[in-house]
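For reference, the structure discussed in these notes is given below.
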């Protein structure tokens with residue numbers, strides 16, 4: 001039984017608490033938030049106690065691991081406290097928006113030798129994991145291209161945009177991680193372009209809502225990522241891998257698997273799943289299951305602090321490429 005405390009009580013905190021409550025190998029012992037009423041909303045539903053600080057939690061509960069899903073700017077100090085206490089950490093992406101602060105986090109994790117996982121949950125989606133396994137098995141031969149499409153059904157509130165760290169660090173970072181994971185490579189060059197075509201207020205906040213990114217890998221493999229903050233037909237999530245021996249594609253998911261053909265249209269289908277919590281529900285479950293398994297068996301996690309740093313470094317290079325209008329080489 002792995003005993004968890006959780007930092008943060010927003011949307012992601014609610015999700016993780018629900019998953020832990022359903023897992024027979026896990027127990028939620030505490031939710032930590034200086035805003036105690038907010039923390040109690042989760043503990044009232046999922047168990048455990050609400051605490052204003054990690055020290056309070058340690059005084060009253062036995063803790064094996066912490067899940068960090070508080071605002072990004074709080075991650076470093078939380079990781080410091082948890083690592084110094086010798087507890088395992090699952091941290092939502094990005095670890096931080098500063099590479100220097102990420103290096104501080106990595107140093108703390110390595111100094112105190114605590115298990116660490118970054119919340120790149122999409123790796124644990126059954127369809128994505130199956131695609132990657134088939135690539136590794138050589139089912140498409142030598143890789144030539146990887147194309148990733150990730151489009152949200154609607155933009156988030158402007159308040160979220162303003163504190164998100166920018167489109168590349170907030171959203172594209174998931175696709176960057178998948179591109180590296182699927183190919184088994186780290187890019188030597190990145191070129192990104194972007195526009196504000198969905199909501200002018202996003203542009204006024206200094207961000208973009210439409211982006212295309214190309215990563216060039218050492219082998220010459222090209223990875224194309226296209227992102228949008230608004231797809232009117234739902235949460236559009238697709239991957240295509242093309243190689244010398246064929247092609248693999250992941251398809252979008254729908255709540256109702258029904259196709260209608262008539263004199264007016266053929267193959268008409270319901271809209272896609274509408275939100276990432278629905279589309280990637282299984283991935284979050286599997287992410288927690290692997291984390292628990294790694295802790296129980298004392299084995300390394302499959303996505304660690306170095307993966308988190310790599311993805312941030314590439315996302316920041318995308319920002320630089322957008323601003324300077326040129327390819328950035330590593």
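Numbering (full-length UniProt numbering), first residue to last: 1 to 330. We treat Cβ as the ideally placed atom computed from N, Cα and C, and that holds for glycine.
Would you list the one or two residues that DSSP bridges to residue i?
i	result
residue 6	31 and 67
residue 191	214
residue 224	147 and 214
residue 116	89
residue 328	190
residue 393	A query on residue 393 cannot be resolved here, the shown segment of the chain reaching from 1 to 330 and no further.
residue 49	30
Please work out which residues of its chain come closer than 8 Å, Cβ to Cβ, to residue i, disregarding the five sequence neighbours upstream and downstream, and give them in chain order.
i	result
residue 331	The structure shown does not extend to residue 331, since the chain spans only 1 to 330, so no value can be given for it.
residue 230	151, 152, 153, 154, 155, 198, 199 and 209
residue 146	179, 182, 183, 221, 222, 223, 224, 239, 240, 241 and 242
Rounded to the nearest angstrom, what separates residue i and residue j at their Cα positions?
i	j	result
residue 321	residue 2	43 Å
residue 134	residue 126	12 Å
residue 241	residue 224	10 Å
residue 318	residue 44	42 Å
residue 287	residue 295	13 Å
residue 89	residue 54	13 Å
residue 49	residue 206	39 Å
residue 196	residue 299	44 Å
residue 244	residue 142	5 Å
residue 120	residue 297	21 Å
residue 247	residue 144	10 Å
residue 74	residue 140	42 Å
residue 13	residue 78	15 Å
residue 220	residue 185	10 Å
residue 57	residue 164	28 Å
residue 115	residue 264	57 Å
residue 279	residue 236	9 Å
residue 325	residue 194	10 Å
residue 110	residue 86	11 Å
residue 310	residue 11	26 Å
residue 218	residue 182	14 Å
residue 328	residue 212	14 Å
residue 307	residue 112	19 Å
residue 302	residue 291	9 Å
residue 130	residue 136	10 Å
residue 180	residue 222	11 Å
residue 108	residue 118	15 Å
residue 233	residue 92	28 Å
residue 176	residue 281	20 Å
residue 169	residue 323	14 Å
residue 277	residue 216	31 Å
residue 252	residue 132	17 Å
residue 23	residue 293	12 Å
residue 149	residue 94	20 Å
Closer than 6 Å by C-beta to residue i: which residues in its own chain qualify, once you throw out the five before and the five after it? Chain order, please.
i	result
residue 106	305
residue 214	191 and 224
residue 174	122
residue 124	283, 286 and 287
residue 46	17, 21 and 28
residue 39	9, 31, 33 and 50
residue 35	none
Could you check if residue i is buried or exposed, using at least 16 other CB atoms within 10 Å of its CB as the buried criterion?
i	result
residue 60	exposed
residue 188	exposed
residue 138	exposed
residue 330	exposed
residue 167	buried
residue 37	exposed
residue 52	exposed
residue 228	buried
residue 62	exposed
Going along the chain, which residues of its own chain have a beta-carbon closer than 7 Å to the beta-carbon of residue i, five neighbours each way excluded?
i	result
residue 201	158
residue 161	202, 205 and 207
residue 42	9, 13, 14, 17 and 31
residue 96	72, 75, 76, 102 and 105
residue 313	99
residue 19	284, 285 and 288
residue 172	211, 213, 225, 227, 315 and 318
Flag this pair as touching only if the region 20-29 and the region 72-87 have three or more C-beta atom pairs under 8 Å; answer yes or no.
no
Is it true that the region 60-71 meets the region 4-18, where meeting means three or more beta-carbon pairs spaced less than 8 Å apart?
yes
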